[in-house]
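The structure under discussion appears below in the form of structure tokens.
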Amino acid sequence: MKELLGLLAVWSIVLSGLALLAGVALIKRGKRVWHHRAMLTGTFLALLFLVFYLAKWALHGTTAYGGPEAWRGAYYFLLITHTLLAALNGPLALYVIWRAFRGEFVLHKRWAKVLVPIWLYVAASGWVIYLVLKRYGVETGTIAF
Ligand code: HEM
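Mapping of the sequence shown onto our numbering: position 93 corresponds to residue 171, and the numbering continues sequentially without gaps.
If you want it as structure tokens, here you go:
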């Protein structure tokens, strides 16, 4: 169950990143309706990620880093920036979508250009963290970094 939830979480965040890239490519070609659909799909996948991640956390606790000491600093840098930016991503995405639905496309574009790199960083770093913990993870069963 734990492995399945981890796999579902990491795939949903990676697919959400891909939907985001597709959405950016679509709007660059002027395909507004498909941009809209791709971005809402990406948002839905990011919400799924949150559900799978929280379920895994509630049922199985966290996994600590148990890899080489030389990499510990880099791993924690990645983990902390990933977590902080993931927390920022949610409200920023809601704001960007809200502006689009109100037809305020100047504000939509301005903030979307901040949001997209954050979202992609969260998706890519999530995948790296998953792979590191798959190789070097130590079960804690408690809330610990
Ligand atoms: C998380 C969701 C979304 C993100 C990250 C996002 C991202 C972006 C980005 C980066 C651009 C600027 C592209 C460029 O010119 O370089 C853009 C433009 C645009 N977006 Fe979105 N978008 C999202 C959701 C939506 C939704 C839901 C709609 C429709 C209701 C929408 C409608 C548009 C339109 C019409 C433009 C073109 C605006 C213009 O050129 O004046 N977007 N979006």
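No residue lacks a Cβ here, since even glycine has one placed at the ideal position from N, Cα and C.
message = Count Cβ pairs between the region 111-118 and the region 128-147 that sit closer than 8 Å; are there 3 or more?
response = The answer is no - the region 128-147 does not touch the region 111-118, with fewer than three Cβ pairs under 8 Å.
key: Whole runs of the alpha helix (DSSP H) within the region 96-184, excluding any shorter than 4 residues   = 110-138 and 150-179
query = Who does E217 pair with in a DSSP beta bridge?
reply = Here residue 217 refers to the residue found at position 139 when the sequence shown is read from its first residue. For E217, which the question treats as bridged, DSSP gives the partners T141.
key: Outcome for K134 when other beta-carbon atoms lying within 10 angstroms are tallied against a minimum of 16   = Along the sequence shown, read from residue 1 onward, the residue named residue 134 stands at position 56. K134 should be labelled buried.
Buried versus exposed call for M79 [16 or more other C-beta atoms within 10 Å across all chains shown] = As a working mapping, residue 79 is identified with position 1 in the sequence shown. Classification of M79: exposed, given that the 10 Å Cβ count is below 16.
request  = Report, in whole angstroms, the separation of the C-beta atoms of F122 and L86, which I expect to be a contact under 8 Å.
outcome  = Taking the first residue of the sequence shown as position 1, residue 122 is located at position 44. Taking the first residue of the sequence shown as position 1, residue 86 is located at position 8. Incorrect: roughly 14 Å between the Cβ atoms, too far for contact.
message = Rounded to whole angstroms, what is the Cα-Cα separation between I221 and L166?
response = By one-based count along the sequence shown, residue 221 stands at place 143. By one-based count along the sequence shown, residue 166 stands at place 88. Below a pLDDT of 50, predicted positions are generally treated as unreliable, and I221, at 49, falls in that range; no measurement from the model is reported.
inquiry  = Taking the beta carbon of A152 as the centre, do at least 16 other beta carbons fall within 10 Å, making it buried, or is it exposed?
reply    = Working through the sequence shown from its first residue, we reach residue 152 at position 74. The residue in question, A152, is exposed, as its Cβ has fewer than 16 Cβ neighbours within 10 Å.
query = Going by beta carbon distance, what residues of the same chain come within less than 7 Å of L198, once the five residues before and after it are set aside?
reply = Locating residue 198 in the sequence shown gives position 120, counting from the first residue. Around L198: G95 and L98.
message = Using CA atoms only, rank isn't needed, just tell me which of L104, H160, V216 and L193 is closest to V206.
response = Working through the sequence shown from its first residue, we reach residue 206 at position 128. Checking every option, the nearest Cα to that of V206 belongs to H160.
key: Option nearest L128 by Cα separation, candidates V194, G84 and R180   = Along the sequence shown, read from residue 1 onward, the residue named residue 128 stands at position 50. Closest by alpha carbon: G84.
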